[in-house]
Amino acid sequence: MESKLFEAARLGNLQALYDAVGNDDSFLQKLHSWGRFDTPLHLASMFGQTEFVREYMRLSSISAQQLSQLNQDGYSPLHLASANGHLEIVQCLLEFGKQNSVVEELCMKTDIEGRTALHCAVVSGKIDVIDVLLVHCPQAATVVTIQQETVLHLAVKHHQQKALEFFIDQKLGSSVQDLLNRGDREGNTILHLATARRQLQTVEYLVKQPHLNVNAENSDGLRALDIMFSYVFNSKDVYIEEAIKLAGGGRSQSTTATNQTRLSHDTRDTSPKSSSEADEWWKEVRSGIIIMASVFATLTFQVALTPPGGVWQDWGSNATASNSSVVPAQQPGVPILYDLDRKQFNLVMDYNTLTFMISVATILMIQPFKLEKAMVRSSYVIFVVLFNVIFIAVEFLYIGSIMTKKSLNSSRVRRTHFVWFLILIFAFYNFFISSAGHISRSFRQFKASRNSQSSSSSSSSENGSP
Numbered sequence: 337m338e339s340k341l342f343e344a345a346r347l348g349n350l351q352a353l354y355d356a357v358g359n360d361d362s363f364l365q366k367l368h369s370w371g372r373f374d375t376p377l378h379l380a381s382m383f384g385q386t387e388f389v390r391e392y393m394r395l396s397s398i399s400a401q402q403l404s405q406l407n408q409d410g411y412s413p414l415h416l417a418s419a420n421g422h423l424e425i426v427q428c429l430l431e432f433g434k435q436n437s438v439v440e441e442l443c444m445k446t447d448i449e450g451r452t453a454l455h456c457a458v459v460s461g462k463i464d465v466i467d468v469l470l471v472h473c474p475q476a477a478t479v480v481t482i483q484q485e486t487v488l489h490l491a492v493k494h495h496q497q498k499a500l501e502f503f504i505d506q507k508l509g510s511s512v513q514d515l516l517n518r519g520d521r522e523g524n525t526i527l528h529l530a531t532a533r534r535q536l537q538t539v540e541y542l543v544k545q546p547h548l549n550v551n552a553e554n555s556d557g558l559r560a561l562d563i564m565f566s567y568v569f570n571s572k573d574v575y576i577e578e579a580i581k582l583a584g585g586g587r588s589q590s591t592t593a594t595n596q597t598r599l600s601h602d603t604r605d606t607s608p609k610s611s612s613e614a615d616e617w618w619k620e621v622r623s624g625i626i627i628m629a630s631v632f633a634t635l636t637f638q639v640a641l642t643p644p645g646g647v648w649q650d651w652g653s654n655a656t657a658s659n660s661s662v663v664p665a666q667q668p669g670v671p672i673l674y675d676l677d678r679k680q681f682n683l684v685m686d687y688n689t690l691t692f693m694i695s696v697a698t699i700l701m702i703q704p705f706k707l708e709k710a711m712v713r714s715s716y717v718i719f720v721v722l723f724n725v726i727f728i729a730v731e732f733l734y735i736g737s738i739m740t741k742k743s744l745n746s747s748r749v750r751r752t753h754f755v756w757f758l759i760l761i762f763a764f765y766n767f768f769i770s771s772a773g774h775i776s777r778s779f780r781q782f783k784a785s786r787n788s789q790s791s792s793s794s795s796s797s798e799n800g801s802p
């Protein structure tokens, strides 16, 4: 009978509920005497069966204590309904609590991690549920978890930007200053967490808040900028650093290279969404560069096999060159351009060889080897790719002038040179605007890493000396 009732709660089958109760009004009460286990009310709240919840509470004459009963996972029906965004069930449970003067008890009930129903709604980003819970129990916004996390900490940790803004802009009121700068168990404020997770939008939003202490330090004496410099370089770091510095943020004067490495695991982003964000970004960039370098290598290798103008096919008689009275002898397999204009041929092959070698070098450099200077190497790759593009462009101009029989000094070729020159200038401009900061950060971070290693080695030597 119990198993059928649990299935009915999951599916919202009211008839099965009526059949289970029958004439025994105490049947449902017995289910709540089992201790910390799922009840039909837990299942119905989790699966959004609103009518089942209403009828269950009416038929069972459930008490306030039973309504907030925790299951084996430590969740009450209100926790489950809030986490899954079932607004009508949340309202139904709160109305029951209001009628019985226990609404605050329901809202303040914590799970095994010290989280209230409001915390669960924040983690899931259910704005409408958050609003209803705060209307019935505003003081729930100040409750912290076992890890000393506020609702703002949870919003940042779980990438709930809208929930964060909803609290700060509309709901916190006079308590916003305290919650903005409150640290968790490790002393990390929400700015520490947002910076560690590279949440650029969140950082830019937070630094605009007048009550935010942008230079707040955690338990290890680290500021937000210190945490950012402690992680592997990411494409968003330049913009995050700029946003924090514009707001008056800086690095801690007391921070040493040693304690920069003692960051809490909780500060790092462990969610699947962002823990691999930097890796995915680099994989995409690396794949694009490898494809481009492979195409360049293939094209240049093909030019070496079949030079512009082709090769002599036989030992034929002397052929008159258009620009010389000296006629070279034809030899099978020898490039025709080599005999007709060795200067142009040598220029084409020089650029072709350089492009081929740089393409191969790029492919080798971009491989995911775990080298000590990986960050510096990544910066070199960008320059190598740019030079590769330049050489392939110049080679194209020479080959084009040969194939069209236009002198390099002709007006058409000069115009083509000018167009390519403008394109390259534009490319360089965009590169230095968007990437110069990244490269600078890479070198600084590499230098900081070496200084950290040197400081650690010196400290170890001093501790080990008699």
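Here the sequence shown stands for residues 337 to 802, where the numbers follow my numbering.
Note that beta-carbon positions come from the ideal geometry of N, C-alpha and C, so glycine has one too.
Tell me which same chain residues have a C-beta within less than 6 Å of the C-beta of residue i, skipping the five on either side of it?
| i | result |
| --- | --- |
| residue 480 | 486 |
| residue 348 | 385, 388 |
Measure the CB-CB distance between residue i and residue j and report whether it falls below 8 Å.
| i | j | result |
| --- | --- | --- |
| residue 551 | residue 586 | yes |
| residue 625 | residue 698 | yes |
| residue 364 | residue 396 | yes |
| residue 412 | residue 441 | no |
| residue 468 | residue 402 | no |
| residue 458 | residue 466 | yes |
| residue 423 | residue 455 | no |
| residue 295 | residue 692 | Given a span of 337 to 802 for the chain in the structure shown, any question on residue 295 remains unanswerable. |
| residue 416 | residue 382 | yes |
| residue 541 | residue 578 | no |
| residue 470 | residue 493 | no |
Secondary structure at residue i, three-state DSSP: helix, strand or coil?
| i | result |
| --- | --- |
| residue 436 | coil |
| residue 448 | coil |
| residue 340 | helix |
| residue 396 | helix |
| residue 524 | coil |
| residue 518 | coil |
| residue 511 | helix |
| residue 624 | helix |
| residue 479 | coil |
| residue 346 | helix |
| residue 588 | coil |
| residue 533 | coil |
| residue 548 | coil |
The alpha helix (DSSP H) that contains residue i, what's its start and end?
| i | result |
| --- | --- |
| residue 332 | One cannot answer for residue 332 here, as it falls past the ends of the chain, which runs 337 to 802. |
| residue 471 | 463-472 |
| residue 563 | 560-565 |
| residue 580 | 573-582 |
| residue 459 | 453-460 |
| residue 366 | 363-367 |
| residue 493 | 487-493 |
| residue 541 | 536-542 |
| residue 411 | Unbroken run through residue 411: none, as it is neither H nor E. |
| residue 355 | 350-357 |
| residue 501 | 497-502 |
With distance defined between alpha-carbon atoms, name the residue in the options nearest to residue i.
| i | options | result |
| --- | --- | --- |
| residue 461 | 578, 419, 554, 378 | 419 |
| residue 545 | 509, 532, 687 | 509 |
| residue 388 | 512, 350, 443 | 350 |
| residue 475 | 453, 525, 416 | 453 |
| residue 495 | 534, 473, 506 | 534 |
| residue 694 | 679, 633, 514 | 633 |
| residue 409 | 435, 373, 506, 584 | 373 |
| residue 478 | 492, 446, 515 | 515 |
Using a Cβ-Cβ cutoff of less than 7 Å, which residues in the same chain neighbour residue i once the five nearest sequence positions on both sides are dropped?
| i | result |
| --- | --- |
| residue 497 | 537, 538 |
| residue 379 | 342, 345, 346 |
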